[in-house]
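Single-structure report; data block below.
In this note's numbering, the protein residues as written are 9 to 411.
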């Protein structure tokens, strides 16, 4: 049985909607058969089957549509570059032996969910970013009309456009492993974290918003869970990448680390490797840092804020301390600036002002709605105020967006 497409848990640490869609087949399968250029069409339908209705591309390689009466199967056609010169072709049916191809299944009353499966690579992921898709319904004798061509608008899916530029959208409660886009919308970083050593972060660029995405580089650490979360500076030249690595060689006790990269022309150089800071004295030993919940960079990329927790192991009390750690760059060197404790409350969301002098933190308060802005003068942070909503209603994630 091929994998069944479905909803992706928003709370999963090791996966995110985008990364899972890619890992389960966001990339383009080999284009073969049913040739014709981007402007060509397949043979006219010889059946009265209508085009599937409500066809959507909800993620990279993830589709949905309403069932067509009389249809016994569906065919997906892929145009990897829209109006470009590459040919449109029918996606191969799912091959269980290779784990690649197009598969679909019922997802509710009269609804179908589909996925396109393949092995991720920079070129195939770029094709998936730029691709347009058409779907048609078929019966035992022939196929019907095509849907209109659809594409996945990743730019508007992961960011919001303000008059001064784009700011990242944050969709999940707590963990946020979504891709990141530069302020001008021309640099895109996508994390592909996995338990294997092939984890990677793919960086794409385009000359303008009207041009297709092109691969620029693939960053790897050679370790598992590299690319759990990413943060990108406004100009797209500084990239922070979270990884999860064993503590003192213990693969059952993972702790977060951060890799920092700087773009020089068309190449990316690793600038720093930041390990979790020493546990605060309020956390009794043995106390270790857990996973990083969020990463945020100032506009110029010179200040990094990360949220994490410190915990005692099971059976040694129940201490859990939330914190935000800030790091500053001086030239090409990075150093820890401050450790801001939030007590026993986790940091569910944080946002950093463009100048790096104001930090908004939602402290374990999705249902209490408390937002604590921290401000700094040079390297001294203070808590000037705390904004809160009534506890009677759930609070949406709160963030500070200034450019």
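C-beta: ideal position from N, C-alpha, C; glycine also. None of the values given here were measured: they were computed from a predicted structure.
Inter-residue Cα distance where the pair is residue i and residue j
i	j	result
residue 195	residue 242	10 Å
residue 94	residue 164	25 Å
residue 115	residue 317	37 Å
residue 189	residue 197	7 Å
residue 330	residue 348	9 Å
residue 319	residue 300	13 Å
residue 162	residue 293	44 Å
residue 361	residue 336	14 Å
residue 130	residue 200	11 Å
residue 206	residue 148	42 Å
residue 91	residue 160	15 Å
residue 181	residue 150	Bear in mind that the predicted position of residue 181 carries a pLDDT of just 41, short of 50, making it unreliable; the figure below should be weighed with that in mind. Whole-angstrom Cα-Cα distance: 46 Å.
residue 170	residue 307	15 Å
residue 2	residue 132	Since the first and last residues shown for the chain are 9 and 411, residue 2 lies out of range.
residue 223	residue 359	28 Å
residue 84	residue 110	7 Å
residue 107	residue 346	47 Å
residue 274	residue 210	14 Å
residue 126	residue 321	39 Å
residue 208	residue 226	7 Å
residue 276	residue 269	6 Å
residue 41	residue 96	Confidence is the limiting factor: at residue 41 the pLDDT is only 33, short of 50, which leaves the residue's position unreliable, though a coordinate-based value still follows. If I take the Cα positions, the gap works out to 9 Å.
residue 176	residue 56	45 Å
residue 264	residue 298	7 Å
CB contact flag (residue i, residue j, <8 Å)
i	j	result
residue 86	residue 99	yes
residue 367	residue 332	yes
residue 342	residue 305	no
residue 64	residue 191	no
residue 267	residue 244	no
residue 80	residue 146	yes
residue 212	residue 134	yes
residue 139	residue 215	no
residue 143	residue 82	yes
Which listed residue (the options) has its alpha carbon closest to that of residue i
i	options	result
residue 340	103, 370 and 311	311
residue 123	103, 150, 298 and 361	103
residue 154	73, 58 and 234	58
residue 74	223, 120 and 141	120
residue 78	137, 141 and 152	152
residue 166	240, 144 and 270	240
residue 186	101, 237 and 108	237
residue 248	262, 228, 255 and 327	228
residue 303	278, 235, 204 and 112	235
residue 141	363, 66 and 279	66
residue 295	278, 126 and 327	327
residue 69	284, 280 and 112	112
residue 230	174, 204, 298 and 272	204
residue 365	298, 309 and 269	309
residue 271	280, 264 and 263	280
residue 128	202, 56, 156 and 97	202
residue 369	334, 56 and 255	334
residue 278	246, 297 and 355	246
residue 350	315, 363 and 344	315
N-terminal and C-terminal residue of the beta strand (DSSP E) that residue i is part of
i	result
residue 67	64 to 67
residue 305	302 to 305
residue 120	119 to 125
residue 103	From DSSP, residue 103 is part of no beta strand (DSSP E); its letter is neither H nor E.
residue 334	328 to 338
residue 356	355 to 360
residue 73	70 to 74
residue 319	311 to 319
residue 281	275 to 283
Short CB-CB distance (under 8 Å) between residue i and chain C
i	result
residue 247	In summary, chain C is missing from the structure at hand, where a single protein chain is found.
Element boundaries [alpha helix (DSSP H), containing residue i]
i	result
residue 412	Residue 412 lies beyond the range of the chain shown here (9 to 411); nothing can be said about it.
residue 138	130 to 138
residue 164	162 to 166
- Task: Report yes or no: do the segment 219 to 227 and the segment 282 to 297 share at least 3 C-beta pairs separated by less than 8 Å?
- Result: By the criterion of at least three beta-carbon pairs nearer than 8 Å, the segment 219 to 227 is not in contact with the segment 282 to 297.
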